[in-house]
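One structure is given here, and the rest of the page talks about it.
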Amino acid sequence: MSIEIDVVNGDASWAAVEALLDEVWPPHLLKTLPWGEVVFAHADLRVLLRAETGDLACHVGVFRRAIIWNGRKMRAGGIGGVATREAFRRRGYASIALEAAVQTLRDEGSIDFALLFCDPHNAPFYEGRGWKPFDGEIYAEQAEERARFTAIAPYVYDLKRAPRRGTIDLCGLPW
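If you read the sequence shown in the numbering used here, its first letter stands for residue 3, the second for the next number, and so on.
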């Protein structure tokens, strides 16, 4: 197996990623999802995995943000937009790209924990890779105001120390 993994600038790589995300979540389907109307942040970085064919097979967005947990400032590394093209699924690509994203955050050394949001059917995938459900409330920006974010479930991953319960304010858009 010969694959290529790149960690690239989020905005500069959007053109390469947009088609993959539209294929995984077509606009007509996106509108039917519980989070279909959510406005998400743009990724700071992107992990791109190219298959043996050279085709872009998988994407993971990486976000870095100062957040507030129970009144305490922390640094969170967000994971979002995890997507694999249908033709390349069940090959372990999402696991590889997710690990590359987590390693990127770990290498920075300034991130306390990683946080992602996922649909219930994807929870076993993330739990099998060490992610833990967050038991508490999440607040994020939507429509230019702070609102409770309940569209998809939060999961945390220890880099230094991940909070397991309480209240997290994302201090911006969700990812």
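Idealized CB from N, CA, C, for every residue including glycine.
Bear in mind the structure is a predicted one, so any value in this text is a computation, not a measurement.
- Where does W177 land, buried or exposed, given buried means 16+ other C-beta within 10 angstroms? Taking the sequence shown and counting its residues from 1, one reaches residue 177 at position 175. Buried, since its Cβ has 16 or more Cβ neighbours within 10 Å.
- Task: Taking E39 as the reference, give the member of M76, T152, L117, E88 with the closest Cα.
- Result: Position 37 of the sequence shown, counted from the start, is the residue given in the question as residue 39. Nearest of M76, T152, L117, E88 to E39, Cα basis: T152.
- Does DSSP put A43 in a helix, a strand or coil? The residue given as residue 43 occupies position 41 in the sequence shown. Here A43 sits in coil by DSSP.
- Candidates I154, F90, I5, I81, of which the one nearest L118 by Cα: Translated into the one-based positions of the sequence shown, residue 118 becomes position 116. Ranking the options by Cα distance to L118, first place goes to I81.
- Among the residues of its own chain, which have a CB less than 6 Å from the CB of I7, if the five just before and after it don't count? As a working mapping, residue 7 is identified with position 5 in the sequence shown. Cβ within range, chain order: L51, A102.
- Message: Tell me the rounded alpha-carbon separation between E146 and G63.
- Response: The sequence position of residue 146 within the sequence shown is 144, counting from 1. The sequence position of residue 63 within the sequence shown is 61, counting from 1. Their backbone Cα atoms lie some 22 Å apart in a straight line.
- Message: Under DSSP, the beta strand (DSSP E) around A99 begins and ends at which residues?
- Response: Here residue 99 refers to the residue found at position 97 when the sequence shown is read from its first residue. A99 -> not in any beta strand (DSSP E); alpha helix (DSSP H) instead, spanning 95-110.
- Kindly confirm or deny that the stretch 58-72 and the stretch 91-109 touch, where touching means at least three C-beta pairs closer than 8 Å. yes
- Query: Is I69 closer than 8 Å to D171 when the C-beta atoms are compared?
  - Reply: For this step, residue 171 is matched to residue 169 along the sequence shown. For this step, residue 69 is matched to residue 67 along the sequence shown. In contact: D171 and I69 (Cβ atoms closer than 8 Å).
- Run through DSSP, which three-state label would W27 get? Position 25 of the sequence shown, counting from 1, holds the residue named residue 27. Note: W27 maps to coil in three-state DSSP.
- Message: In the DSSP assignment, the beta strand (DSSP E) including A125 goes from what residue to what residue?
- Response: Residue numbering aside, residue 125 sits at position 123 when the sequence shown is read from its first letter. Here A125 belongs to no beta strand (DSSP E); instead the alpha helix (DSSP H) covers 125-129.
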